[in-house]
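Trainee: Under the working numbering, residues 285 to 540 are what the first sequence spells out, in order.
Glycine included, every Cβ here is placed at the ideal spot set by N, Cα and C.
Computed from a predicted structure; not experimentally measured.
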Amino acid sequence: MKIATWNVNSLKVRLPHLLRWLEENPVDVLCLQETKLTDDKFPISEINSAGYQVVFSGQKTYNGVAILSRLPISDVVKNNPRYSDEQQRILAATVGGVRFICAYVPNGQAVDTDKYVYKLAWLAALREWLAEEMITHADQGLAILGDYNIAPEDRDVHDPVAWAGQVLCSDKERAALTGLMDLGLTDSYRMFEQLDKSFSWWDYRMLGFQKNKGLRIDHILLSAALAKRCTACTIDRAPRKWEQPSDHAPVIATLS
DNA sequence: ATGGCCATAGTGTATGGA
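1) Could you check what DSSP says for T462 in three-state terms: helix, strand or coil?
2) Of the residues S482, L467 and A435, which one's Cα is nearest the Cα of C453?
3) Please classify M490: is it buried, with 16 or more other beta-carbons within 10 angstroms of its beta-carbon, or exposed?
4) Look up K512 in the DSSP assignment and say whether it is helix, strand or coil.
5) Of all the beta strand (DSSP E) runs that stay within the bounds of the stretch 337-417, which reach a length of 3 or more residues?
6) In terms of DSSP beta bridges, what is V441 paired with?
7) Who are the near neighbours of F493 in its chain, counting only those whose CB is closer than 7 angstroms to its CB and skipping five residues on each side?
8) Tell me whether the stretch 507-520 and the stretch 438-457 touch, counting them as touching only if at least three CB pairs, one residue from each stretch, are closer than 8 angstroms.
9) Once DSSP output is grouped into helix, strand and coil, what is the label at K286?
10) Measure the C-alpha to C-alpha separation of E370 and G468 and round it to an integer number of angstroms.
11) Could you tell me the alpha carbon to alpha carbon distance between T345 and Y402, rounded to whole angstroms?
12) Since V297 is in the alpha helix (DSSP H), which residue starts that stretch and which ends it?
13) Report the three-state DSSP secondary structure of W526 (helix, strand or coil).
14) Quick one: what's got a C-beta closer than 6 angstroms to G392's C-beta in the same chain, skipping five residues either side?
15) Could you tell me how far apart the beta carbons of N309 and H532 are, in whole angstroms, since I believe they sit closer than 8 angstroms?
16) Assign N332 to one of two classes, buried (16 or more other C-beta atoms within 10 Å of its C-beta) or exposed (fewer than that).
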């Protein structure tokens with residue numbers, strides 16, 4: 285089973301990219317973030333025609349998440365039941381016996397802003413909910429995929445000195461991510477040998493991608509039952525080179 | 001040179017992203 289996550293930064297703009305990518309990478313489950321579409325505008329038929337079922341939770345202009353699957357999707361939950369949130373950032377569903385959570389963690393804008401406070405509160409609430417979900421789904425396994433908007437370590441940052449203490453890299457954010465992992469989740473990417481300076485996001489400005497000035501902020505976290513089954517995790521930089529790309533690249537994990 | 005983009009709403013320019 286191949287599972288993946290991709291922040292598409294507008295599914296309206298990126299639908300052709302998505303369809304091309306699925307053709308070249310026929311993963312079983314794909315979590316999308318930043319669809320930026322209300323549910324009435326979601327391109328269901330195009331995705332069905334590509335061989336995928338899909339569930340989604342969107343809003344106007346910002347945020348929006350979706351889960352695509354080749355296999356039947358059941359037990360869909362929108363949002364974190366423990367956190368009242370206008371913003372559509374969480375979608376959970378069961379596929380092939382595995383519990384999937386698609387997450388678009390708030391960006392946080394800058395340390396010491398209201399948005400940063402919201403990000404930390406949101407992550408604390410996610411941890412509370414995940415603690416329960418981990419128990420409920422311990423046997424079958426739980427995967428939480430998404431744009432975490434956190435670079436876990438300095439090696440996930442192109443210029444750790446410049447980014448030190450900044451949003452996406454601050455100690456409090458990293459502690460929040462560690463807090464999630466302490467529930468028994470593994471960063472699938474770091475289970476395997478990877479090249480130095482591997483990133484999943486590059487700024488559109490300053491020739492970020494061409495100079496590989498990026499961050500690794502998109503992650504696939506796996507519970508123990510799934511980590512045992514995980515045989516590979518990669519970042520696919522290819523679609524970042526296409527015309528009018530998303531600023532994020534997909535992350536793919538293979539489960540036996 | 002220390003800045004350079006992009007999507008959205010909406011029609012000039014602000015906001016958010018990361």
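Mentor: Looking at the coordinates:
1) helix
2) A435
3) exposed
4) coil
5) 337-341, 349-353, 357-362, 374-379 and 382-388
6) L499
7) W486 and R524
8) no
9) strand
10) 29 angstroms
11) 19 angstroms
12) L295 to E308
13) coil
14) K399, Y400, K403 and V451
15) Actually they do not touch by this definition, with Cβ atoms about 15 angstroms apart.
16) exposed
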